[in-house]
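Enquirer: Protein chains in written order, with the working numbering: chain A, 1 to 329; chain B, 330 to 658.
This is the structure, below, for whatever I ask next.
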DNA sequence: AATGTTTCCGTAACCGGTTACAGGAATTCA
DNA sequence: TGAATTCCTGTAACCGGTTACGGAAACATT
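Rendered as C-alpha cells:
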C-alpha cells in the first residue's frame with residue numbers, strides 16, 4: 001500500500017540511491033555482498049520501481065505501442081499469445097508495451113518509441129502515416145501492398161498448407177477439399193496457393209469445386225461442409241485454412257453421421273490451444289505465434305537502433321493428431 | 330520526432346513552465362490572452378505532454394488497470410467498445426488506462442491506482458486478492474458469489490430477455506424458444522430467468538424442450554436450431570441470449586428454407602454493431618456497453634476518492650428491426 | 001615508501017512535468 | 001493619494017528514478 005521508493009530502500013540498506021539503482025539495473029561495479037544485501041532489502045520491503053519515473057530518467061519513453069485494427073477476424077487467444085510474446089521480449093530489454101486500440105497516430109508517436117502493427121489491411125493508412133512521422137514500426141502479417149515499403153514478419157502460409165496437403169496425399173487421399181477464408185486478405189490467398197501446390201505435387205487434378213469459402217469462422221466451416229454434403233460432392237479429406245473452420249467442418253460431418261478420421265480426414269491451421277483438446281484432437285499446422293512475436297520484437301528493436309531490417313518469414317510445423325488418418329476405400 | 334518539452338513551449342510563448350502547465354491543466358488564474366497564445370504555440374509545436382513525467386509529478390500513478398481474464402467468451406468488439414468508454418471517461422479525469430492480461434496482482438497494485446475487473450468468474454481469485462491489498466476496484470458483470478463483497482456494474486439481463494419475450498408474445502407468438510449460453514455463468518442464468526418471466530407473464534406454459542444450449546457461439550446457435558428442427562419441435566419464435574447465437578439460428582433456419590420473420594421470428598441480445606447490417610436486420614436487446622463503461626469508471630473514481638459505492642444495474646433497451654414479426658398461423 | 005590502478009560507492013544534476021509560495025502590476029476602496 | 005485587494009505569473013522545490021563524475025579504500029607496482 002504505502003509506496004516504497006528507492007530512497008527508502010537505500011536508507012534501509014545503508015547505501016545511496018545510486019547504488020540501489022545500479023543493483024536494480026544489474027550494472028557492474030557493485031560489490032557482490034552489497035548487491036545481495038540490497039536485493040534482500042528490496043524483496044523484504046516489497047519494492048517495485050516506478051515505471052514512470054524510470055522512463056523519465058532514462059531519456060526515452062521506453063514504451064512500445066501495439067496498434068490493433070478495430071475489427072479483426074482473429075480471436076482473443078491469438079492476440080493474447082502474441083502479446084505475451086512481445087511483452088516478454090520487450091520487457092527484458094527494459095521496454096513496456098501498451099495497447100492502442102483507437103487508431104491515433106499522434107498518440108502513438110507521443111507515447112511510444114516504436115510500434116507493432118497488427119491486422120494491417122489493404123487500405124490501411126497506418127503504415128504510411130507512421131512512415132511519414134518517422135516512427136519505427138514493424139507489421140505482423142503482410143500484404144503485397146505494404147510488403148515492399150515496410151518490414152513485416154509473417155508465418156509461412158504457403159508452406160503450411162502445402163505440408164498439410166502433402167500429409168493427406170501421403171495418407172492416400174485423392175479428393176482433398178480446401179476450406180478457405182476467402183476475401184479476408186493475403187493470408188487466405190497464400191494458403192490457397194499452398195493447397196494448390198500440394199495437390200499438384202501429388203500429381204492430382206485441381207478441382208475448384210473442392211475449394212469452399214468458410215469465411216474464417218466456425219459456422220462458415222460448418223455451413224460450407226453441409227452444402228458440400230448436400231451437393232453430394234465427393235471428398236475424403238479437408239484441409240482447412242484455420243482451426244476454427246476445421247472445428248465447424250468436423251461438427252458438420254459428425255452431425256451427418258460421418259466419423260473422423262475414418263470417413264473423412266480433417267486438418268486445421270493455427271494449432272490453437274484448444275486444438276489438442278478438441279474431439280477428435282485436431283491435426284493442424286502449428287503457427288508459432290510466440291516465435292512471430294519474438295521475431296517482430298527483435299526487428300523493432302533493431303529498427304529503433306537505426307538499423308535497416310528486412311522482413312522475415314517464420315517457419316511452420318505440421319502437427320499430426322487424431323483427426324487425420326489413412327484413406328480407406 | 331524531436332521531442333518538444335514544456336520548457337520549449339514556455340520559451341516560445343515567452344512565459345514560464347508554470348504558466349504552460351496551468352494552461353495545460355485548465356487551471357484558473359491565467360489571463361485569457363496568455364492562455365490562448367500558449368495554446369497556439371502548443372498546437373504549432375505539436376506539443377504532447379509526457380505522461381510519465383506527468384504521473385510522476387502528480388503524486389500518484391494516475392493509471393487505472395483493466396484486468397481481463399485469459400479466456401473469455403465475449404468477442405473483441407465487446408471489449409473494444411467497453412475499453413473506449415472507460416478510456417474516454419478516465420482520460421478526461423487525467424487518468425490513463427492500461428491493460429493487464431497476464432493476471433498479476435503485484436503488478437496491478439504497483440502500476441495502477443485502481444482497477445476494472447472484466448470477466449470475473451466463479452472461482453476467480455482476483456476480487457479477494459485485490460481486496461486484501463486494498464486496491465480499489467469495480468467489476469463489470471457480476472455473479473452472486475462476489476456480488477455482496479465488491480461493487481459491480483452490470484446490464485439488466487433479466488429485464489432484457491423479459492422484454493424480448495414480451496415483444497414476441499405481443500406479436501402473437503405462443504411457442505417461443507430460448508437459445509441460452511448455458512454454463513457460461515451468471516449472465517446466462519439471469520437471461521433464462523428473464524425468458525421464464527416473459528413466458529409466464531403471457532400466461533403461456535413453460536416448456537423446457539424449448540430451451541436450447543447454444544454455447545454462446547454462432548455454430549452453437551446453428552446446431553441447436555438444426556437439432557430442434559430435426560426433432561420436429563414446434564416453435565414460431567426464438568429469443569436468443571446473444572446476437573451471435575441469433576445469427577447462427579437464422580442461418581440454420583434459412584438453410585432449411587424457412588423465412589425470417591415470416592416463418593420464424595428471431596431476437597438477439599447485445600445489439601452488436603453488425604446486428605443492424607445483418608440480413609435480416611436483427612431485432613435485439615441493446616445493452617449499452619458504453620453506458621456500462623462510463624458507469625464503471627465513475628464508480629471506480631468515487632471509490633478511489635474513498636467513498637463507498639454501491640453496485641449498479643444499467644438499463645437495457647429493446648430494438649425492433651426486421652427479424653421479428655407478427656405470428657402467422 | 002611513494003605512486004599508480006582498480007574497485008566500489010556517494011554526490012549531484014537531470015528527465016519533464018506540477019504546484020506551493022511569493023511578489024509585481026493593476027484595480028478597488030477609503 | 002495611499003492602502004488593501006485581486007489577478008496573474010515567475011521561482012524553486014519536488015516526484016522517483018538514472019548516470020556522469022569524482023573521491024576514498026584497497027591493492028598492486030617499482
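Ideal Cβ placement from N, Cα and C applies to all residues, glycine included.
Here the structure is a predicted model, which means the values were calculated and not measured.
1) In the DSSP assignment, the beta strand (DSSP E) including residue 428 of chain B goes from what residue to what residue?
2) Here's the rule I'm using: 16 or more other beta-carbon atoms within 10 Å means buried, otherwise exposed. How should residue 71 of chain A be labelled?
3) Which one of A:178, A:298, A:35 has the shortest CA to CA distance from residue 194 of chain A?
4) Quick check for students: name the residue ranges of the alpha helix (DSSP H) that lie wholly in the region 507-559 of chain B, counting only runs of 4 or more.
5) Using DSSP bridges, identify the partner residues of residue 615 of chain B.
6) Along the chain, where does the beta strand (DSSP E) that runs through residue 255 of chain A open and close?
7) For a cutoff of 7 Å on Cβ pairs, would you count residue 73 of chain A as touching chain B?
8) On the three-state DSSP scale, how would you describe residue 641 of chain B?
9) So, at 6 Å on beta carbons, what are the nonlocal neighbours of residue 612 of chain B in its own chain, with the 5 sequence-adjacent residues on each side left out?
10) Would you please state the rounded distance, in angstroms, between the beta carbons of residue 481 of chain B and residue 469 of chain B? I believe it to be under 8 Å.
11) What are the start and end residues of the beta strand (DSSP E) that includes residue 67 of chain A?
12) Which runs of the beta strand (DSSP E), 3 residues or longer, sit entirely within the region 481-506 of chain B?
13) Closer than 8 Å is the cut-off here; do at least three beta carbon pairs connect the region 587-607 of chain B with the region 389-396 of chain B?
14) Just list the residues that DSSP pairs residue 419 of chain B with in beta bridges.
15) How far does the alpha helix (DSSP H) with residue 150 of chain A in it reach, from first residue to last?
16) Can you tell me which of A:158, A:123, A:25 puts its alpha carbon nearest to the alpha carbon of residue 314 of chain A?
17) Going along the chain, which residues of its own chain have a beta-carbon closer than 8 Å to the beta-carbon of residue 9 of chain A, five neighbours each way excluded?
18) Taking only beta-carbon atoms, is residue 38 of chain A less than 7 Å away from chain B?
19) Could you please give the first and the last residue of the uninterrupted beta strand (DSSP E) stretch that includes residue 567 of chain B?
20) Give me the residue from B:441, B:419, B:336 with the minimum Cα distance to residue 49 of chain A.
21) Going by DSSP, what residues sit across from residue 137 of chain A in a beta bridge?
22) At the 7 Å Cβ level, is residue 363 of chain A part of the contact set with chain B, yes or no?
23) Could you name the residues of chain B that residue 219 of chain A contacts, counting a contact when the two beta carbons are closer than 7 Å?
24) Starting from the C-beta of residue 82 of chain A, find all residues in its chain whose C-beta is less than 6 Å away, skip the five residues before and the five after it, and write them out in chain order.
25) Any C-beta of chain B within less than 8 Å: which residues of the region 252-271 of chain A qualify?
26) Apart from the five residues just before and just after residue 330 of chain A, which ones in its own chain have a Cβ nearer than 8 Å to its Cβ?
27) I'd like the list of long-range same chain contacts for residue 517 of chain B, defined as Cβ closer than 7 Å, with 5 residues on each side in sequence excluded.
28) For residue 490 of chain B and residue 527 of chain B, which I take to be in contact (beta-carbon distance under 8 Å), what is that distance rounded to the nearest angstrom?
29) Near residue 337 of chain A, which residues of its chain fall below 7 Å by C-beta distance, leaving aside the five closest residues on each side in sequence?
30) Roughly how many angstroms separate the alpha carbons of residue 332 of chain B and residue 14 of chain A, rounded to a whole number?
31) Taking the Cβ atom as the reference point for each residue, do residue 578 of chain B and residue 589 of chain B lie within a distance shorter than 7 Å?
32) Rounded to the nearest angstrom, what separates residue 246 of chain A and residue 218 of chain A at their Cα positions?
33) Under 7 Å between beta-carbons, which chain A residues line up against residue 427 of chain B? List them in chain order, please.
34) Residues in the same chain with beta-carbon distance under 6 Å from residue 192 of chain A, minus the five sequence neighbours each way, listed in chain order, please.
35) Locate the alpha helix (DSSP H) running through residue 5 of chain A, then write down its first and last residues.
36) In chain order, what residues of the same chain have a beta carbon less than 7 Å from the beta carbon of residue 172 of chain A, not counting five sequence neighbours either side?
Expert: So, to answer that:
1) DSSP places residue 428 of chain B in the uninterrupted beta strand (DSSP E) bounded by 425-429.
2) In this predicted model, residue 71 of chain A has a pLDDT of only 48, less than 50, meaning its place in the structure is not dependable; the value taken from the coordinates is given anyway. It is exposed - the Cβ of residue 71 of chain A has fewer than 16 other Cβ atoms within 10 Å.
3) When C-alpha distances from residue 194 of chain A are compared across A:178, A:298, A:35, the shortest belongs to A:178.
4) The qualifying runs are 515-530, 547-559.
5) For residue 615 of chain B, which the question treats as bridged, DSSP gives the partners B:599, B:646.
6) Membership of residue 255 of chain A in any beta strand (DSSP E) is not indicated; the residue belongs instead to the alpha helix (DSSP H) covering 243-255.
7) Note that residue 73 of chain A scores 43 on pLDDT, short of 50, meaning its location in the model is unreliable; the coordinates nonetheless yield the value given after this. No, its Cβ sits nowhere closer than 7 Å to a Cβ of chain B.
8) Correct three-state label for residue 641 of chain B: strand.
9) Taken in chain order, the residues that qualify are 596, 649, 650, 652, 653.
10) Taking 8 Å as the upper bound for CB-CB distance, residue 481 of chain B and residue 469 of chain B are in contact here, some 7 Å apart.
11) Where residue 67 of chain A is concerned, the enclosing beta strand (DSSP E) stretches over 63-68.
12) The region 481-506 of chain B contains these whole beta strand (DSSP E) runs: 481-484.
13) Contact between the region 587-607 of chain B and the region 389-396 of chain B is not established, with fewer than three Cβ pairs separated by less than 8 Å.
14) According to DSSP, residue 419 of chain B bridges with nothing at all.
15) Unbroken run through residue 150 of chain A: none, as it is neither H nor E.
16) Per the Cα distances, A:158.
17) Taking residue 9 of chain A as the centre and dropping the five residues before and after it, the same chain places the C-beta of 20, 38, 41, 42, 45, 47 closer than 8 Å to its C-beta, in chain order.
18) Residue contact check for residue 38 of chain A against chain B: no CB pair falls below 7 Å.
19) Looking at the DSSP string, the run of the beta strand (DSSP E) that includes residue 567 of chain B is 566-569.
20) Considering only alpha carbons, the answer is B:441.
21) When DSSP reads this structure, residue 137 of chain A sits in a beta bridge with A:115.
22) Here chain A covers residues 1 to 329 and nothing more, so residue 363 of chain A does not appear.
23) Close partners of residue 219 of chain A in chain B (Cβ separation under 7 Å): 547, 548, 551, 577, 580.
24) Excluding positions up to five away in sequence, the list reads 289, 293.
25) Closer than 8 Å at the C-beta level to chain B, one finds these residues of the region 252-271 of chain A: 255.
26) As displayed, chain A neither begins before 1 nor continues past 329, which places residue 330 of chain A out of reach and without an answer.
27) Non-local C-beta neighbours of residue 517 of chain B in its own chain, meaning closer than 7 Å and more than five positions away in sequence, comprise 509, 510, 511, 570, ordered along the chain.
28) Yes, residue 490 of chain B and residue 527 of chain B are in contact; Cβ-Cβ is about 7 Å, under 8 Å.
29) The structure shown does not extend to residue 337 of chain A, since chain A spans only 1 to 329, so no value can be given for it.
30) Residue 332 of chain B and residue 14 of chain A have their C-alpha atoms some 38 Å from each other.
31) Going by C-beta atoms, residue 578 of chain B is not nearer than 7 Å to residue 589 of chain B.
32) Spanning the two alpha carbons is a distance of roughly 7 Å.
33) Here the neighbours are 98.
34) Setting aside the 5 residues that flank it on each side, residue 192 of chain A is surrounded in the same chain by 180, each with a C-beta closer than 6 Å to its C-beta; the list follows chain order.
35) Where residue 5 of chain A is concerned, there is no enclosing alpha helix (DSSP H), given that its DSSP letter is neither H nor E.
36) Within the same chain, residue 172 of chain A has close Cβ partners 326, 327.
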